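Residue numbers (the working numbering): 312 to 595. Backbone N, C-alpha and C define an ideal beta-carbon position, used for all residues, glycine too. Treat the numbers as computed from the prediction; the structure is a model and nothing was measured.
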């Protein structure tokens, strides 16, 4: 059964933040910090697992397996990026069933043509509004539990304009989506207008380096968002730290930099204590 925490948080109406998780190292660090909801990001899980861009190359089966691993590793409820549902209506139905069975709490489905592309890169094209409405209806009906929620994302801002994006969002709301995701808004004014127009909870995508401004969480709450995801934060911070460490290693031979995470602590986070306890009990 899906974790009810996202539905309960949305019902309370208190703004919250959700970090993006790109691999299981990030997952166990999020466990340590104490987040109760995390975001399984399509871009960064694809990049970390296969070294590929978020351009519809990873398959449904590959991504479902990654989400299943994240659910197993994380102590948190998982919001999962479901891309376009990986095809037509039957694919959407199959994807929702599979993601829910994998243990995720919520699936995000977008209105791009298949294969999709990252929402903050060029050359994205959207399917007709009516086709996406059908996808949302199928996704909502495919659920086994009322605690499993459906996010409807639209990428129409850059190709069709803000007004068309809002028409799409309103149609997806009527189709039964539980959360609305207007992607790649270009100013705080647009963000506030979207939140004031739309009747369902609206989520913000705080993608570092993307089209949307990234104000502090308190400002996002004032704007009217229900919550914000930070899909690229852990990945880009990790990339920065790795680059510096590798430069220092190459140039100066430094293999023990200041501030490095404690190895013994990480062994505990990743589950070695259970291995050691097993060895103590069964080793001959």
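Sub-7 Å separation of residue i and residue j beta-carbons
i	j	result
residue 326	residue 515	no
residue 403	residue 446	yes
residue 517	residue 483	no
residue 596	residue 488	Absent from the structure is residue 596, since the part of the chain shown begins at 312 and ends at 595.
residue 328	residue 528	yes
residue 474	residue 421	no
residue 464	residue 440	no
residue 547	residue 523	no
residue 560	residue 339	no
residue 341	residue 357	no
residue 400	residue 451	no
residue 312	residue 456	yes
residue 551	residue 337	no
Strand pairing of residue i, partner residues [DSSP]
i	result
residue 419	392 and 462
residue 491	463 and 513
residue 539	328 and 515
residue 348	388
residue 437	423
Buried/exposed call for residue i, threshold 16 Cβ in 10 Å
i	result
residue 385	buried
residue 587	exposed
residue 395	buried
residue 361	exposed
residue 459	buried
residue 476	buried
residue 375	buried
residue 562	exposed
residue 307	There is no way to answer for residue 307, as the model of the chain reaches only from 312 to 595.
residue 377	buried
residue 498	exposed
residue 333	buried
Proximity winner among the options, relative to residue i (alpha-carbon distances)
i	options	result
residue 513	491, 345 and 501	491
residue 423	366, 577 and 566	366
residue 500	544, 314 and 535	535
residue 436	564, 468, 370 and 331	468
residue 381	444, 363 and 355	355
residue 539	558, 371 and 506	506
residue 520	444, 543, 352 and 510	543
residue 443	454, 571, 455 and 419	419
residue 472	455, 494, 454 and 456	494
residue 331	316, 558 and 352	352
residue 383	511, 453, 565 and 582	582
Open item on the list: If contact is defined by three or more beta carbon pairs under 8 Å, each pair taking one atom from either stretch, is the stretch 408-425 in contact with the stretch 387-394?
Closed with: yes
- [ ] Taking 8 Å as the threshold, find out whether the stretch 312-324 comes into contact with the stretch 336-355 through three or more Cβ pairs.
- [x] Segments in contact, yes.
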